[in-house]
Amino acid sequence: MKTYFRYIAISISFLMFSCEDVIDINLNDADPQLVIIGEVSNNTNVQQVSINRTVAFASDTPFDPVPGAEVEVVDGRGRVYRFTEETPGIYVANGFTGSQNERYDLHVRVDGQEFMATATMPSLTTADSIGTSVRNLFGEEEKFVSVKYQDPPGVANYYRYLQRVNGERFKMVKVANDKFNDGRYVSDDLIDFDVELVAGDSVVIQMQCIDKATFDFWNAVQSINPGTAAPANPPSVFGDGALGYFSAHAMSEISTVVQ
Amino acid sequence: MSLTPVCGFRFILLTILIGVQAVVFSQTTHTISGHIRDALTGETLIGASITLKANPSIGARANNYGFYSLTVPEGDHVFVFSHVGYQVEEAAIGLTGNRTFDIELQLGEMLDEVVITKSSKSENVSSPQMGVARVDINEIRHVPVLMGEKDVLKTIQLLPGVLSGGEGSSHFFVRGGTGDQNLILLDEAMVYNASHLFGFFSTFNSDAIKEVNLYKGGMSAQYGGRLASVLDINMLDGNKKNFGAEGGVGIIASRLKVDGPIVKDKGSFMVSGRRTYADLFLKFSNDESINQSSLYFYDLNAKANYRLNDRNALFLSGYFGKDVLGYSDLFGFDWGNATATLRWNHVLNNQLFSNTTLVYSNFNYNVNIDNEDYDFVIASRILNYNLKQDFQLYATNKSTWRFGVNLLRQRISPANIDADEDTPVNSLQLEDRTGMELAAYISHEWNPTDHLNVVYGLRVNNFLLFGPGVFSQYDADGDIMGSQTYKNGEVVQHYINLEPRLSLSYQLQGNNSLKVSYNRNSQNLHQLSNSTSSLPTDAWVMSSNNIKPQVADQVALGYYQNFGGDVYEFSAETYYKYMQNQIDYRNAADLQANEHIEAELLYGMGRAYGLELFLKKREGKFNGWLSYALSRSERQFDDINEGNWFVARQDRTHDVSLVGMYQLSPRWNLSATFVYSTGNAVTFPSGKYSVDGQTLWYYTERNGYRMPDYHRLDLGATWESKVTKRFKTTWTFGLYNAYNRKNAYIIDFRENESNPNITETYRIALFGIIPSITWNFKF
Chain A
1 MKTYFRYIAI SISFLMFSCE DVIDINLNDA DPQLVIIGEV SNNTNVQQVS
51 INRTVAFASD TPFDPVPGAE VEVVDGRGRV YRFTEETPGI YVANGFTGSQ
101 NERYDLHVRV DGQEFMATAT MPSLTTADSI GTSVRNLFGE EEKFVSVKYQ
151 DPPGVANYYR YLQRVNGERF KMVKVANDKF NDGRYVSDDL IDFDVELVAG
201 DSVVIQMQCI DKATFDFWNA VQSINPGTAA PANPPSVFGD GALGYFSAHA
251 MSEISTVVQ
Chain B
1001 MSLTPVCGFR FILLTILIGV QAVVFSQTTH TISGHIRDAL TGETLIGASI
1051 TLKANPSIGA RANNYGFYSL TVPEGDHVFV FSHVGYQVEE AAIGLTGNRT
1101 FDIELQLGEM LDEVVITKSS KSENVSSPQM GVARVDINEI RHVPVLMGEK
1151 DVLKTIQLLP GVLSGGEGSS HFFVRGGTGD QNLILLDEAM VYNASHLFGF
1201 FSTFNSDAIK EVNLYKGGMS AQYGGRLASV LDINMLDGNK KNFGAEGGVG
1251 IIASRLKVDG PIVKDKGSFM VSGRRTYADL FLKFSNDESI NQSSLYFYDL
1301 NAKANYRLND RNALFLSGYF GKDVLGYSDL FGFDWGNATA TLRWNHVLNN
1351 QLFSNTTLVY SNFNYNVNID NEDYDFVIAS RILNYNLKQD FQLYATNKST
1401 WRFGVNLLRQ RISPANIDAD EDTPVNSLQL EDRTGMELAA YISHEWNPTD
1451 HLNVVYGLRV NNFLLFGPGV FSQYDADGDI MGSQTYKNGE VVQHYINLEP
1501 RLSLSYQLQG NNSLKVSYNR NSQNLHQLSN STSSLPTDAW VMSSNNIKPQ
1551 VADQVALGYY QNFGGDVYEF SAETYYKYMQ NQIDYRNAAD LQANEHIEAE
1601 LLYGMGRAYG LELFLKKREG KFNGWLSYAL SRSERQFDDI NEGNWFVARQ
1651 DRTHDVSLVG MYQLSPRWNL SATFVYSTGN AVTFPSGKYS VDGQTLWYYT
1701 ERNGYRMPDY HRLDLGATWE SKVTKRFKTT WTFGLYNAYN RKNAYIIDFR
1751 ENESNPNITE TYRIALFGII PSITWNFKF
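These protein sequence lines map, in sequence, to chains A and B. Per the working numbering, residue 1 is the first one in the first sequence, and the count goes up by one each step. Per the working numbering, residue 1001 is the first one in the second sequence, and the count goes up by one each step.
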């Protein structure tokens, strides 16, 4: 439904002779805050946790890695997976493949501070078809990819989509839930306004079945727009001490060539 | 609160009885009463005055229906009838008993020639009412506005203490309050969404309006239901003597008003309509997605009145307005208000005036999605019925009582989804909510001495939330603690609020006065919006087992002075307002089609204070005003900003408006407005981080930053044709944002296209310089 309101917003701004320019503005430099992003997937045997600090707004490096942390994940059966620091701030565990419906506890110790988060990997829902859709917006044809899947009825499901175009890196498109279409055969439009698809582009869609906490994080991020009265940090599973999330997700990939 | 509703009403009844006794024991006097009307049109003149020529301090003022009542000692008197803009009439009457006397006043030909009596001119000084702004409809004609659509709601934003909702917006904020804390009444009917096209135009077609009063504070007890202000709009009744038509053609809309007598001098009607035609231009587009789109709004005001006899009159008025927005076959979206008001004026005796009002008001919106993939409708509705009984008792010429009851039934149907079976969307039915507000009030206006004027009163407001439905309770984290099912008509929650009101003016010398006021207001209807602009799709909720009524206490102190023979008017007011049970939202709150919407709410406190200065030149070739407000509005929520007070979004430290109008020649009138204000308080990031190659913002303090200062100059010119006997045309030219200032509408942040590690700030400015032209006619 949000998409439709977005169209409305676009039509309004189109009508309003608006003009846009880049300006300079002075923003405060907040004390750096810890950011922990942990992921456990069913689709790889190398799991990764990244630990960084926020940087000043004007900085031209996107993050400030935090080395020397202790990281481990304990699964529901008590098995402990220790992570080693591969590059500064990036911690990996090899030979560890996540399983659906398994519970995972993440433990992180940074500079004497402990952080803990728990996630349970949802069951896998896979898209059974993928195709190109075309929408005509103010005389311009906009192409995007749509996927179709059967949403499991009776349970809340959360999805996160990433898109890889012509072999470039995966980039998140959106998160979605089944609030309005629980149990339906759903067609999800994956519209990324920053990417212009043309016929012949090869597109890989990664469909992650995520838990509610991860959905809440990304949903908070994607629902912030210039019209948000009070933008705020997305909710963190680590509490006040650190931003971020710990996602145990079941994922699948599906690919197509843009028509 | 231990006081029962029964007890509250008993108190009011008792007070009325005491008042009536005061009448019984007063000296031998007689009452002259009647209606004051315009001689040309028969329109009643709200606020017109009658005074004794021998003693101008004894007088009365016509009420909202043009009715006056003045009680004076037996004998011969010369009465002076006057109204701003009208010629004064005198009547010598020997009073030997009560007397009904209607009078018609002639409109002054030129404003300069109009003799206005002292009492009319210095009303602003002597009246105990403070925090009030009367908008002169004739003034609105000359104030330049966006696209030439003259607009009451944009003109009131030029007054001190009233802030604009944003660039080109007809939304307004009063004394640090939010938009939903303004009570907007059109012929006593509540208007929920007072704007078209997401706020760029108000729903009030100024052709149909007779009188506009905005109360920023010190509102008398007859008004209740909102915290910040009351905007009381009265529609024209229609010409009782002759048929007439007026209208206009502007760059975005056309207007037409027709009025005339039903039975001469007895009844009249007025119909006024307006429609935009931006969508007609869309049809010329070659692009299918554009020429199949729709975008328009219309308004229809209609009113009829009939005077049955000297003591009884009926008024029926209605408003219908709708916005329609459709984009190709992707979606259709429409919303609108409909109100109907039936009123019965009854003069019980020369001193007691009664008005019975029955109001129907409906606001709804529909979103229609019907394309190859989806077929569903989202619909929402607010429906209310309101029965009001108001009495005005003109006990003596020093004492007027107002009392009455008000029964408001409100039903909210939140956004429901009705989906086709084959559509991959589930239908969703949220429970309706029904509430009832039962209010009673009494207010006494009293002049104990020639210098002192007092209005005091009390309003008792009872709110009841009824079943049927499932009502849940939520804990501090918004998790469900329990749910309870209520049957149809069962009371879920009951709140009583006692709202004392007091206004006092003390005239120091002839032309200046000091005023103080205190008022408590409560509010049981709340608009939920976590976006900067209010949308028709914003959810409305009533007070409930989770949501307590919002309550505000305001004290104000003011100094008023007229000088230069009442040509200049000056006022200074300061106020302090404390607000309880204010509403904000959890982070990323889901406010759409959410059964547990109340779980997303946070409750806190607010305070607002400020100083408002106003200087006006009321007459002459050059007239206009300067208004300045220094203010602060803050909120405190335990779960926001670490529990520290933060400034509200609509907090603007300085707000200046300068309005000038100049009569260059009998045909040409020039005007200019300049506005300057501190930028809104906003939340900007104070750092950033990166997840999966995407830059995210790190926020620290709520509303810790400011948008750039806003300023703008608008120019206008009006040319009037020679007035022939029956036909008059005017051309209005306007220039919005004359020096093309790029005021920031949005400031946002993004990754630089060539290097995503670099973050850039960009600004979107909405309206540059915009010329407008409107042709108006009247016959």
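Using N, Cα and C, we set each Cβ at its ideal position, and we do this for glycine too. Fair warning: this is a prediction, and the values are worked out from it, not measured in the lab.
Sequence-distant residues of the same chain with beta carbon closer than 6 Å to residue i, five excluded per side
i	result
Thr1434 (chain B)	Arg1411 and Phe1466
Leu1158 (chain B)	Ser1657 and Val1659
Thr1761 (chain B)	Phe1749
Ile51 (chain A)	Ile36, Val66, Ala69 and Gly89
Asp1852 (chain B)	Here chain B covers residues 1001 to 1779 and nothing more, so residue 1852 (chain B) does not appear.
DSSP state of residue i mapped onto helix, strand, coil
i	result
Met1147 (chain B)	helix
Lys994 (chain B)	Summary: the structure shown does not reach residue 994 (chain B), with chain B confined to residues 1001 through 1779, and so no result is reported for it.
Thr1071 (chain B)	strand
Ala1022 (chain B)	Note that Ala1022 (chain B) scores a pLDDT of 47, beneath 50, so its modelled location is shaky; the value from the coordinates is reported in the next line. Ala1022 (chain B) falls in the helix class under three-state DSSP.
Trp1344 (chain B)	strand
Ala250 (chain A)	strand
Ser1126 (chain B)	helix
Gln150 (chain A)	strand
Gly1332 (chain B)	strand
Asn1743 (chain B)	coil
Trp218 (chain A)	helix
Lys1240 (chain B)	coil
Glu1113 (chain B)	Caution is warranted here: a pLDDT of 38 is assigned to Glu1113 (chain B), below 50, making its placement in the model unreliable, and no coordinate value can be reported.
Gln33 (chain A)	coil
Lys1118 (chain B)	Only weak support exists for where Lys1118 (chain B) lies, its pLDDT of 47 falling under 50; the coordinates are left without a value.
Gln1392 (chain B)	strand
Asp1207 (chain B)	helix
Lys212 (chain A)	helix
Ser1531 (chain B)	strand
Asn1182 (chain B)	strand
Ser223 (chain A)	helix
7 Å CB neighbourhood of residue i in its chain, flanking five on each side removed
i	result
Ile1116 (chain B)	Residue placement at Ile1116 (chain B) cannot be trusted, given a pLDDT of 45 that sits under 50; what the coordinates show is reported in the next sentence. So the qualifying residues of the chain are Ser1082 and Val1084.
Ser1122 (chain B)	Asn1511, Asn1562 and Asp1566
Trp1719 (chain B)	Arg1667, Trp1668, Thr1730 and Trp1731
Tyr1739 (chain B)	Leu1713
Ala220 (chain A)	Pro234 and Pro235
Sheet register partners of residue i (DSSP bridge)
i	result
Trp1697 (chain B)	B:Lys1688
Tyr1441 (chain B)	B:Gly1404 and B:Arg1459
Thr1678 (chain B)	Thr1678 (chain B) pairs with nothing; no bridge assigned.
Closer than 9 Å at the beta carbon, the chain E residues around residue i
i	result
Asp182 (chain A)	In the structure shown, chain E does not exist; the protein chains are A and B.
Presumed contact (8 Å Cβ cut-off) between residue i and residue j, rounded CB distance
i	j	result
Ala1556 (chain B)	Gly1047 (chain B)	Not confirmed; about 22 Å, so no contact.
Asn1669 (chain B)	His1142 (chain B)	6 Å
Close beta carbons around residue i, own chain, < 8 Å, minus the five adjacent residues each side
i	result
Leu124 (chain A)	Asn42, Gln100, Cys209, Ala250, Met251 and Ser252
Asp201 (chain A)	Val165, Asn166, Val257 and Val258
Gly183 (chain A)	Asp151, Pro152, Pro153 and Gly154
Asn136 (chain A)	Glu142
Phe1779 (chain B)	Gly1244, Ala1245, Glu1246, Arg1726, Phe1727 and Lys1728
Leu243 (chain A)	Gln33, Leu34, Val35, Ile36, Thr54, Asn233, Pro234 and Ser236
Short-range partners of chain A found in the region 1725-1749 of chain B, where Cβ spacing is below 9 Å: Answer set for the region 1725-1749 of chain B: Lys1742, Ala1744, Tyr1745, Ile1746, Ile1747, Asp1748 and Phe1749.
Members of the region 159-174 of chain A that neighbour chain B once the beta carbon cut-off is set at 8 Å: Answer in chain order: Leu162, Arg169, Phe170, Lys171 and Met172.
Residues within the region 227-248 of chain A neighbouring chain B, beta-carbon criterion of under 8 Å: So the close ones are Gly227, Thr228, Ala229, Ala230, Pro231, Ala232, Asn233, Pro234, Pro235, Leu243 and Gly244.
Chain-ordered residues of the region 1152-1175 of chain B with a beta carbon less than 7 Å from chain A: Those residues of the region 1152-1175 of chain B that come within reach of chain A (Cβ to Cβ, closer than 7 Å) do not exist; the list is empty.
Contact residues within the region 87-114 of chain A, judged by C-beta distance below 8 Å to chain B: In summary, no residue of the region 87-114 of chain A has a CB separated from any CB of chain B by less than 8 Å.
Contact list for the region 1677-1699 of chain B against chain A, Cβ threshold 8 Å: Along the region 1677-1699 of chain B, going in chain order, the ones with a CB nearer than 8 Å to a CB of chain A are Thr1683, Phe1684, Pro1685, Ser1686, Gly1687, Lys1688, Tyr1689, Ser1690, Val1691, Asp1692, Gly1693, Gln1694, Thr1695, Leu1696, Trp1697, Tyr1698 and Tyr1699.
Chain B contacts from the region 31-59 of chain A (Cβ-Cβ distance under 9 Å): For the region 31-59 of chain A, the set of residues with a beta-carbon nearer than 9 Å to any beta-carbon of chain B comprises Asp31, Pro32, Gln33, Val35, Ile37, Ser50, Asn52, Arg53, Thr54, Val55, Ala56, Phe57, Ala58 and Ser59, in chain order.
Positions along the region 1436-1452 of chain B whose CB lies within less than 7 Å of some CB in chain A: Shown here is that no member of the region 1436-1452 of chain B has a Cβ falling below 7 Å from a Cβ of chain A.
Proximal residues, the region 1366-1377 of chain B versus chain A, C-beta separation under 8 Å: Residues Val1367, Ile1369 and Asp1373.
Near-chain A residues of the region 1522-1550 of chain B (beta-carbon distance less than 9 Å), N- to C-terminal order: Shown in chain order are the members of the region 1522-1550 of chain B whose Cβ falls below 9 Å from a Cβ of chain A: Ser1529, Asn1530, Ser1531, Thr1532, Ser1533, Leu1535 and Thr1537.
Near-chain B residues of the region 199-221 of chain A - C-beta to any C-beta below 8 Å: Those residues of the region 199-221 of chain A that come within reach of chain B (Cβ to Cβ, closer than 8 Å) are Asp216, Asn219, Ala220 and Val221.
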